[in-house]
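Student: Numbering (my numbering), first residue to last: 96 to 263.
1) Roughly how many angstroms separate the alpha carbons of residue 197 and residue 151, rounded to a whole number?
2) Closest by CA to residue 218, which one among 225, 206, 224 and 227?
3) Helix or strand or just coil, what does DSSP make of residue 161?
4) Under 8 Å between the Cβ atoms of residue 226 and residue 236?
5) So for residue 123, helix, strand or coil by DSSP?
6) Figure out for me which residue from 223, 191 and 154 has the closest Cα to the Cα of residue 164.
7) Looking at the strands, I want to know which residues DSSP matches up with residue 223.
8) Assign residue 93 to buried or exposed, taking buried as 16 or more other Cβ atoms, counted over all protein chains shown, within 10 Å of its Cβ.
9) Determine the burial state of residue 186: buried for a count of at least 16 other Cβ atoms within 10 Å of its Cβ, exposed for fewer.
10) By Cβ distance, which residues of its chain are closer than 7 Å to residue 129, with the 5 residues on each side in sequence left out?
11) Taking the C-alpha atoms as reference points, what is the distance between residue 210 and residue 183?
12) Going by other Cβ atoms of all chains shown within 10 Å of its Cβ, with 16 needed for buried, is residue 160 buried or exposed?
13) Around the C-beta of residue 169, are 16 or more other C-beta atoms found within 10 angstroms, so that it is buried, or is it exposed?
14) Residue 245 to residue 162, Cα distance in whole Å?
15) How far does the alpha helix (DSSP H) with residue 186 in it reach, from first residue to last?
16) In whole angstroms, what is the alpha-carbon distance linking residue 239 and residue 166?
17) What did DSSP end up calling residue 246 once you bin it into helix, strand or coil?
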């Protein structure tokens, strides 16, 4: 099948959701594509549409050029650190890798691990963003693109009482 064992494919599938921000030339949306109306939530918790407009939105394809890969790092996830490093190493050849770290200790651990894996430090950026798990696919945003090609994050609420930091 490929050079990755099944466990690594599983991790890759989960990691795919770790905030791939897509760039490149916009692809025209077909006339029958779905439209969404942007809304906001008022102070009363109810949806409101202060300036209703229909905006064509599309989700970039997995085959499109990636601008960056975001990985969540947790040093206590010992069994998966090697896989995260391998993903970071492969991805860094194509796009910058942004690593979410929860604390200064996590940052130091991640920096040492990526350095030991000989990943080009100019292709890495560490971002202080406390999370409870590495599973950003569960809680992370989705990238959507307008018809003009501009990319935006859509971040839904993620309510998991066991992982409150994952939705900050």
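Backbone N, C-alpha and C fix where the C-beta goes; we use that ideal spot for every residue, glycine too.
Tutor: Short version:
1) Against the chain shown, residue 197 aligns to sequence position 102. Against the chain shown, residue 151 aligns to sequence position 56. Whole-angstrom Cα-Cα distance: 36 Å.
2) Taking the first residue of the chain shown as 1, we reach residue 218 at position 123. Measuring from the Cα of residue 218, the nearest candidate turns out to be 206.
3) Counted from its first residue, the chain shown places residue 161 at position 66. In this structure, residue 161 counts as strand in the three-state DSSP scheme.
4) In the chain shown, counting from the first residue as 1, residue 226 sits at position 131. In the chain shown, counting from the first residue as 1, residue 236 sits at position 141. Going by beta carbons, residue 226 and residue 236 fall outside the 8 Å limit.
5) The residue you call residue 123 lines up with position 28 of the chain shown. Per-residue confidence for residue 123 stands at a pLDDT of 41, beneath the threshold of 50, marking its modelled position as unreliable; the derived number appears in the next sentence. In the structure shown, residue 123 falls within a coil segment according to DSSP collapsed to helix, strand and coil.
6) The sequence position of residue 164 within the chain shown is 69, counting from 1. Ranking the options by Cα distance to residue 164, first place goes to 191.
7) For the purposes of this step, residue 223 is taken as residue 128 along the chain shown, with counting starting at 1. Note: residue 223 sits in a beta bridge opposite 196.
8) Only positions 96 to 263 of the chain appear in the structure, and residue 93 is not among them; the question remains open.
9) In the chain shown, residue 186 corresponds to position 91, counting from 1. Counting C-beta atoms within 10 angstroms of its own C-beta, residue 186 has 16 or more neighbours from the protein chains shown and is therefore classed as buried.
10) For this step, residue 129 is matched to residue 34 along the chain shown. With a pLDDT of 40 at residue 129, under the threshold of 50, the predicted position of this residue should be treated as unreliable, though the coordinate-derived value follows. Here the set comprises nothing.
11) As a first step, residue 210 is located in the chain shown; it is residue number 115 there, counting from the start. As a first step, residue 183 is located in the chain shown; it is residue number 88 there, counting from the start. Taking the CA atoms as reference points, residue 210 sits about 11 Å from residue 183.
12) To locate residue 160, count along the chain shown from 1; it is residue 65. Result: exposed.
13) Numbered from 1 along the chain shown, position 74 holds the residue referred to as residue 169. Buried.
14) As a first step, residue 245 is located in the chain shown; it is residue number 150 there, counting from the start. As a first step, residue 162 is located in the chain shown; it is residue number 67 there, counting from the start. Computed Cα separation, rounded: 13 Å.
15) Translated into positions along the chain shown, residue 186 becomes position 91. Element bounds for residue 186: 173–187.
16) Taking the first residue of the chain shown as position 1, residue 239 is located at position 144. Taking the first residue of the chain shown as position 1, residue 166 is located at position 71. Rounded to the nearest whole angstrom, the CA to CA distance from residue 239 to residue 166 is 19 Å.
17) Along the chain shown, one-based indexing puts residue 246 at 151. Correct three-state label for residue 246: strand.
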